[in-house]
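In what follows, a single structure is set out as structure tokens and then discussed.
Protein chains: 8
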Amino acid sequence: MSAQTTEVSVLMGSQSDWKVMKRAISVLEELGIKTEAKIISAHRKPARLHSYITEAEEKGVKVFIAGAGMAAHLPGVISSLTTRPVLGVPLNATLDGMDSLLAIVQMPGGIPVGTLGIGGAGAKNAGLLAAAILATGNDALCGRIKAWRKAQAEALHEDPLED
Amino acid sequence: MSAQTTEVSVLMGSQSDWKVMKRAISVLEELGIKTEAKIISAHRKPARLHSYITEAEEKGVKVFIAGAGMAAHLPGVISSLTTRPVLGVPLNATLDGMDSLLAIVQMPGGIPVGTLGIGGAGAKNAGLLAAAILATGNDALCGRIKAWRKAQAEALHEDPLED
Amino acid sequence: MSAQTTEVSVLMGSQSDWKVMKRAISVLEELGIKTEAKIISAHRKPARLHSYITEAEEKGVKVFIAGAGMAAHLPGVISSLTTRPVLGVPLNATLDGMDSLLAIVQMPGGIPVGTLGIGGAGAKNAGLLAAAILATGNDALCGRIKAWRKAQAEALHEDPLED
Amino acid sequence: MSAQTTEVSVLMGSQSDWKVMKRAISVLEELGIKTEAKIISAHRKPARLHSYITEAEEKGVKVFIAGAGMAAHLPGVISSLTTRPVLGVPLNATLDGMDSLLAIVQMPGGIPVGTLGIGGAGAKNAGLLAAAILATGNDALCGRIKAWRKAQAEALHEDPLED
Amino acid sequence: MSAQTTEVSVLMGSQSDWKVMKRAISVLEELGIKTEAKIISAHRKPARLHSYITEAEEKGVKVFIAGAGMAAHLPGVISSLTTRPVLGVPLNATLDGMDSLLAIVQMPGGIPVGTLGIGGAGAKNAGLLAAAILATGNDALCGRIKAWRKAQAEALHEDPLED
Amino acid sequence: MSAQTTEVSVLMGSQSDWKVMKRAISVLEELGIKTEAKIISAHRKPARLHSYITEAEEKGVKVFIAGAGMAAHLPGVISSLTTRPVLGVPLNATLDGMDSLLAIVQMPGGIPVGTLGIGGAGAKNAGLLAAAILATGNDALCGRIKAWRKAQAEALHEDPLED
Amino acid sequence: MSAQTTEVSVLMGSQSDWKVMKRAISVLEELGIKTEAKIISAHRKPARLHSYITEAEEKGVKVFIAGAGMAAHLPGVISSLTTRPVLGVPLNATLDGMDSLLAIVQMPGGIPVGTLGIGGAGAKNAGLLAAAILATGNDALCGRIKAWRKAQAEALHEDPLED
Amino acid sequence: MSAQTTEVSVLMGSQSDWKVMKRAISVLEELGIKTEAKIISAHRKPARLHSYITEAEEKGVKVFIAGAGMAAHLPGVISSLTTRPVLGVPLNATLDGMDSLLAIVQMPGGIPVGTLGIGGAGAKNAGLLAAAILATGNDALCGRIKAWRKAQAEALHEDPLED
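Laid out in structure tokens, this is it:
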């Protein structure tokens, strides 16, 4: 897979989701994976979502990440349109994000969505998991992930600092 | 509107939802409204759902009722495909139906779903509300609903009976 | 139905609900539907609520929207007083609005309330759903709703903007 | 107050609530308090509920107990119709009774409902609390309650028995 | 009962509860009922709580109101020490007050606590309910409560004001 | 500490709790620790609970385990009466045990209860944790716990068996 | 990758989890993917879990699936030991599986677990998602997944059958 | 046990947990118990956590306190690595700390964690409970705890102060 191919697509339903979802992009770019981000609402533009997923698959996207809040249907609708892995990030718009978590994770048998945690930590982990998925067929990427994880661990100090 | 036109469509994602959702049909038929019921999964047959909604609108359906469990996307997806009123019935497959309730009711601004209660009482009320919607333009139906409600009240006895 | 008739009544229990509930009015006015808003507490003025609902029906109101928080009885009480469609909007006064959602949506069989989401998105959707209900008998209104939905979709941009 | 006067009224919305609510009656009768039980749905018979409360007050009822499930409005509606103490018992019809609990206890300021626990223990305690309320002006009843409580405590054995 | 007797005692576990619980005192004083407020923690001063309840009953207290947060044991412990009516007010210290609500309302059969809503509305209603309890044996107080309720209703305006 | 001294007391509020709480006794006996079990309701016998805790401490009890359901006050009340470690086991009587968990674990600062999981697993773990507490001053017991844990691990088979 | 290599490992903490987790194995085998299942408790055998993960990676396992109930740590602990994709399945042992869902999905940033739904539907979807992950580098497998999905959709009938 | 030995270890997963967890240290120091605090993430540094627990036990640590948020695995992982008492403090990072509470308290049978309340009150109580555990074999410490509790009670004033 050449560096020029976009391998991960990060989708969300509205501009307001971007400040959280860009954390997925950041970690993917740190790991050298080309991504694209799009705002396409499952509810407001269902036909456009359908055409986008088809186009994205055709141009080489292998993993989809979708962030959504409230009655969060975007990840599940994407999963109904593709057999590629779909990762869902519940966003906290109301009810501390519990509505969104349940609306993403409780998919019926046959249409999977791999769900990450609510909000920023979940978005970051969606990026990492997408990288790990691509690394199942890419040893160099696997090495970069291991290095990233090692650096993350080494950055921690054992002794608490006063605030 | 002649009696031959199907005015309400009742949709659900799987055969197992039928035993609850048929309570919506029952009350609609009691009130003399022609309905049809279909099992079309939003996740497993997204394209078929799209074509069905278009066909249904063309043949005169004016209200859609959709029952769904778990990450219940069916009512919201239908609302994204039509401007007709969509009523949602959360079904209890897991978590006492709380996942389904939140996945149906918490729709983002712009794509409404009128949500009824969890399970059988909700299905019955979806039928009644669909009838009330049609009655906004049909005085004869309005009279039948008033009679139904009156009969319902009169069937109650004030003195408790030992079991 | 002439433009002068008030077709939708938006009710709430206290002045503090107005800042959310006026979003229902806004969307109804954008769609050319005449509405009126009233503050009538189900608990503090039960007899006045009863007389208002009767008067409103007589002067042509076809859909009632009611917003309420906490042990939110207003939509259910209205539904017990009329056979017209009643739409409920749970307001977040405590417990993130979960108390209000359950107190509105879990109506017993026979007395339906079509419930929208918690807070502002729900109020806006209540307005849209009321319009969709009136449009089942009004093709011109149906066209205005379709145009509104199309404009809403077209206002979205696919590429995220930095904050 | 003579023994012939009915001092407590126990209300519920449907026959199916009786098997729980009769526990309130039992404890009131054990304490020598005259009660009556009625099934009057707040939603299905709002006008009858209004007239009943007025009649009951006139014939001497001093405390109202109301059991209700789901979007449980009965206790709150009664409290809006009387200034007598109203005690609410949440019944478990769905969601383990959590919907009912919140719909009863979260009353707005100005219209109180004293809420007991969900189900049978709550019904029994509603009877006891109604008795305690009447005993604030009745020393003989106060003595009977103390005796009841003492007997209850003495019936307990400290050493567990194998099942 | 002379005006000099303290008829209601309002208890709480810490000074920080006072800003909410004083709303109970306010309404009781408006209705001409003599009260006293005390901070006595069920957990930190169990023996003092026991002696206080005995003393309070002896000097004529007829209703106890207790506000508590978190694992809110104060109302239940008071109910175990007296047969007088005990009203509980859940305070929101954590978890939106849901922990406190459940720890107060879910009392086992035999030891009742009449529970009001979470926070300020609940405290106000506890005062009103205590007054209603005393009014079961005091017609003059009953009249003052009716006047209070009427004034409350009349203070409401039906037309929303812009903020 | 001689084998004759009772070192752990296991308390519960009613006979119905015994079938779960005896799992705490079982594990303590397996580890050679002398225990006693008592049914003493915090709400029905507050004075007896007080005297029992004092007696138990005097005869050498070093750890208290208390199981309780619903508005579960027993562990917290015991902690208010002793400075010895108190372990709480939430029992599932209603609401899946969530009411009991919150009523036990959310103790205010200053009065600790070490809380275990809901039901049988929690009761077993309360026994194990009580043993671990005693083992901080008893190396022989520490060795027995290590052996128990090792045997537990060795009893597991890695390959699933068909049912 | 030859057919002889085990590419997916399905782990669980106890034999009782097998009846649910074998649904993941079933779908993987239908899709021609070699798997192995192991019962290794994160809590009872932490060192063995560590050695197993290392061995499994060395012999070619590319995706880990872990099912766990209650305070479900297994998926997160595995993710801390490998950079391969880890999929978590919450099992319903208590609290309807809500405890397990939160203990799996709410991982801190840096250690991802892709979480599926609670129970059997989640286990099946974990198998499907693991297959989709492997298919990002295997076009033949991708074709088999598409065929599986198509067959799934075609098995649905649109007309409800009476029970 | 000499005063120089560290008897309690307080662990947490990140620097941000320190502002809450230091409340455990404060109370332990007030009671004259030597402690140490370390930041060691169960997920980011699993091997280091393992080696630290072994070292700590060898140098005399008798009780472990662990604070963690979200999918809070730290206390349970520590309990899997030692037979010493482990106390868990749920921290509120998301969902009001409910995710963390369930991920800590709902441990499977055989691996106990004594769980305290969410946040600061829980951290303080973890310190107190650790002291009570050590006091089962240390009468002087037991006396200091009794004095601390007495001082805590005496600091309370019974009469509320205006804010």
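Chains as they are written, first to last, in this note's numbering: chain A, 55 to 217; chain B, 55 to 217; chain C, 55 to 217; chain D, 55 to 217; chain E, 55 to 217; chain F, 55 to 217; chain G, 55 to 217; chain H, 55 to 217.
Positions of the beta carbon are idealized from the N, C-alpha and C atoms, including for glycine.
Whose C-beta lies closer than 8 Å to the C-beta of residue i among residues of the same chain, with five residues either side of it excluded?
{"i": "H:G168", "result": "P139, V140, L141, G142 and L183"}
{"i": "E:S80", "result": "K178 and G181"}
{"i": "C:G174", "result": "V74 and R77"}
{"i": "H:V159", "result": "G142, P144, V167 and T169"}
{"i": "H:E111", "result": "T136 and R138"}
Are residue i and residue j closer than 7 Å when you measure CB to CB?
{"i": "G:D71", "j": "G:G151", "result": "no"}
{"i": "A:S134", "j": "B:P144", "result": "no"}
{"i": "D:V64", "j": "D:I132", "result": "no"}
{"i": "G:L85", "j": "G:R198", "result": "yes"}
{"i": "C:S154", "j": "C:G123", "result": "yes"}
{"i": "G:G191", "j": "A:G191", "result": "yes"}
Tell me the rounded alpha-carbon separation between residue i and residue j.
{"i": "E:P129", "j": "C:R77", "result": "42 Å"}
{"i": "C:V74", "j": "D:L103", "result": "32 Å"}
{"i": "G:N179", "j": "F:E109", "result": "57 Å"}
{"i": "H:K204", "j": "E:A147", "result": "24 Å"}
{"i": "D:Q206", "j": "F:R98", "result": "8 Å"}
{"i": "H:S56", "j": "H:I172", "result": "Any reading at H:S56 must be qualified, since the residue scores a pLDDT of 49, below 50, and its modelled position is unreliable; the value itself is stated next. Cα-Cα distance, rounded: 33 Å."}
{"i": "E:D193", "j": "E:K200", "result": "11 Å"}
{"i": "H:L215", "j": "F:P162", "result": "21 Å"}
{"i": "B:G164", "j": "F:T136", "result": "59 Å"}
{"i": "D:Q58", "j": "D:D213", "result": "43 Å"}
{"i": "A:L149", "j": "G:K92", "result": "38 Å"}
{"i": "E:Q69", "j": "F:A96", "result": "26 Å"}
Output the boundary residues of the beta strand (DSSP E) element that contains residue i.
{"i": "G:M66", "result": "V62 to M66"}
{"i": "B:E90", "result": "T89 to I93"}
{"i": "D:L145", "result": "V140 to L145"}
If you drop the 5 nearest sequence neighbours on each side, which residues of the same chain put their C-beta closer than 6 Å to that of residue i?
{"i": "C:V117", "result": "V62, P139, A184 and I187"}
{"i": "C:E208", "result": "none"}
{"i": "H:A157", "result": "A125 and A126"}
{"i": "A:W202", "result": "none"}
Skipping 5 residues on each side, what residues in its chain have a beta carbon closer than 7 Å to that of residue i?
{"i": "C:T60", "result": "K88, T89, E90, K113, G114 and V115"}
{"i": "D:I94", "result": "L65, R102, L103 and Y106"}
{"i": "F:A189", "result": "L195, C196 and I199"}
{"i": "H:H16", "result": "The structure shown has nothing for residue 16 of chain H, since chain H only spans 55 to 217."}
At which residues does the alpha helix (DSSP H) containing residue i begin and terminate?
{"i": "B:I100", "result": "In the sequence as displayed, the identity of residue 100 of chain B is Pro instead of Ile. Element bounds for B:P100: P100 to E112."}
{"i": "G:I119", "result": "Taken as a continuous stretch (DSSP letters only), G:I119 belongs to no alpha helix (DSSP H), being part of the beta strand (DSSP E) at V117 to G123."}
{"i": "C:E216", "result": "First-last for C:E216: undefined, no H or E at that position."}
| field | Inside the segment 166-193 of chain B only - alpha helix (DSSP H) runs reaching at least 4 residues | value | 174-189, all fully within the segment 166-193 of chain B.
| request: Residues of the segment 155-172 of chain B with a CB closer than 9 Å to any CB of chain K: list them in chain order, please. | output: You won't find chain K in this structure, because its protein chains are A, B, C, D, E, F, G and H.
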